[in-house]
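Working notes, structure below.
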Amino acid sequence: MPAHGNVETLVTMQPIAVDTGSDDSDGMLVMANGMLVAVLVRLSTSGHEQEGDWFVEVALGPLRAHPAPTFGDLDEATRWMRRHLRA
Amino acid sequence: MQHALIRKLESYETLSDKDRRALNALVPRIRQVGAHVDLAREGDPPDNVHLVLDGFACRYKVLADGKRQIMAYLVPGDFCDLNVFILDQMDHNIGTISQCQVADIPREAIEEITASYPLITRAFWWCALVDEAVLREWLVNMGARAADERIAHLLCELHARLEAVGHSKDDSYAFPFTQTDIADTMGLSNVHVHRTLRDLRGMGLITLNKRVLTILDVERLKDFCKFNANYLHLKNARWIERRSVIWPSQQQRG
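Chains as they are written, first to last, in my numbering: chain Y, -16 to 70; chain S, 156 to 409.
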């Protein structure tokens, strides 16, 4: 269901383990209005330039068009997702 | 000491002393350029021909959203723009990755040397043909290889190219590239680059220490990414005798 006007996209998250072939395995399924739009993974492998940040491991739908930064926390990630899903 | 250009050209053609003297005269103006400095910018009219004698540079474009794509690495002995000076304006940027020693060669000097030295001219053609072959291989790399093979392939290619100009010793070479440089080259995120380099280290294939990359087992790394150096056309990997008898004019006569 697309968001219109000032109706905010409902972004929800669900923890999930993700096999990235590395130590980065703590993940979140990101749903927008009930649809899967991204998988976030916390960068836990030592030596990452952004260790501790949340990384968009997979982007789906409209999010694919936007090069994503990494996020310091999940609120920041939610705000970014909402902004780019609105278009 | 022979400079990197002569070493590179000699990996394509056997040059005479006269050729070497002419090539030495080609690089009187050498300057040091810092890291991350543009040698030529998209839209500029090309001026001199730039030759990298030491260090690493790259060709790149910047997209409207600010994303950078690197299309080529330039290593010692590589011309940045041998034939580009014919164009009205640059269609891409050329910038240094590390500190570089660069020779600025006036375009007239290139025209003079190609008019008088046929072997050098042929070696220059080799350079242009190999640049194209490398670009083709990079297309294959981006389109058809998995992320870990893609990076392994790049490491094998750099090893072969640097060894040909005497800039790799004991399977080790300077590696000033950041994770972001590699990511912008390979169409990957720097997170994936970090994971991949870590995997290659974990498999005992490479080490990366103080910006020096060492390939611990060249054959295994080559096998891992199915690296075939044929596209670099280096003389030591070629069957020169066979190549020299298949010029079309000779074929027609025969």
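The C-beta atom is built at its ideal place from N, Cα and C for all residues, glycine as well.
Residue range of the beta strand (DSSP E) that ARG214(S) falls in? Per DSSP, the unbroken beta strand (DSSP E) holding ARG214(S) starts and ends at 212 to 217.
Quick check on the burial criterion: 16 or more other C-beta atoms within 10 angstroms. Buried or exposed for ASN385(S)? exposed
LYS365(S) at chain Y interface by Cβ criterion, 8 Å: no
Could you tell me whether the Cβ atoms of ASP233(S) and ALA195(S) are closer together than 8 Å? No. Outside cutoff.
Using a Cβ-Cβ cut-off of 8 Å, state whether LYS216(S) counts as contacting chain Y. no
Measure the Cβ-Cβ separation of VAL289(S) and ALA227(S) and say whether it is below 8 Å. yes
Residues in the same chain with beta-carbon distance under 8 Å from LEU387(S), minus the five sequence neighbours each way, listed in chain order, please. VAL285, ALA288, VAL289, GLU312, ALA315, ARG316 and ALA319
Under the rule that 16 or more other beta-carbon atoms within 10 Å means buried, what is LYS377(S), buried or exposed? Burial call: buried.
Which residues, in order along the stretch 214 to 243 of chain S, keep a beta-carbon less than 8 Å from a beta-carbon of chain Y? Correct list: ASP220 and LYS222.
Close Cβ partners of PHE54(Y) (< 7 Å) along its chain, the five nearest in sequence each way excluded: ASP36, TRP37, ALA60 and TRP63
Whole angstroms are fine: how far does the CA of ASP372(S) sit from the CA of GLY30(Y)? 24 Å
Interface flag, HIS31(Y) vs chain S, CB-CB below 8 Å: yes
Within the stretch 170 to 224 of chain S, ranges of the alpha helix (DSSP H) (whole runs, at least 4 residues): 172 to 181
Quick check on ILE252(S): does DSSP put it in helix, strand or coil? coil
Beta-bridge pairing of ALA0(Y) - partner residues as DSSP gives them: DSSP, once it has assigned bridges, lists ASP9(Y) as partnering ALA0(Y).
Beta carbon of THR3(Y), beta carbon of VAL20(Y): below 8 Å? no
Distance, Cα to Cα, ILE306(S) vs GLY298(S)? 13 Å
Could you tell me how far apart the beta carbons of ALA278(S) and LEU206(S) are, in whole angstroms, since I believe they sit closer than 8 Å? 13 Å between Cβ atoms; not a contact.
What residues from chain Y crowd round HIS349(S), counting only those whose CB sits closer than 8 Å? The CB of HIS349(S) comes closer than 8 Å to the CB of THR28, GLY30, HIS31 and GLU32 in chain Y, given here in chain order.
Give a yes or no on whether 8 Å exceeds the smallest Cβ distance from GLY4(Y) to chain S. yes
LEU355(S): buried (16+ other C-beta within 10 angstroms of its C-beta) or exposed? Buried, by the Cβ-count rule.
Candidates PRO200(S), LEU229(S) and PRO201(S), of which the one nearest CYS213(S) by Cα: LEU229(S)
Can you have a look at GLU168(S) and say buried or exposed, based on whether 16 or more other CB atoms are within 10 angstroms of its CB? buried
Partner residues on chain Y for GLN334(S), Cβ-Cβ distance less than 7 Å: GLU32
Whether GLN187(S) touches GLN254(S) by CB criterion (8 Å): yes
Against PRO50(Y), what residues of chain S qualify as contacts under a CB-to-CB distance less than 7 Å, listed in chain order? ASP220 and LYS222
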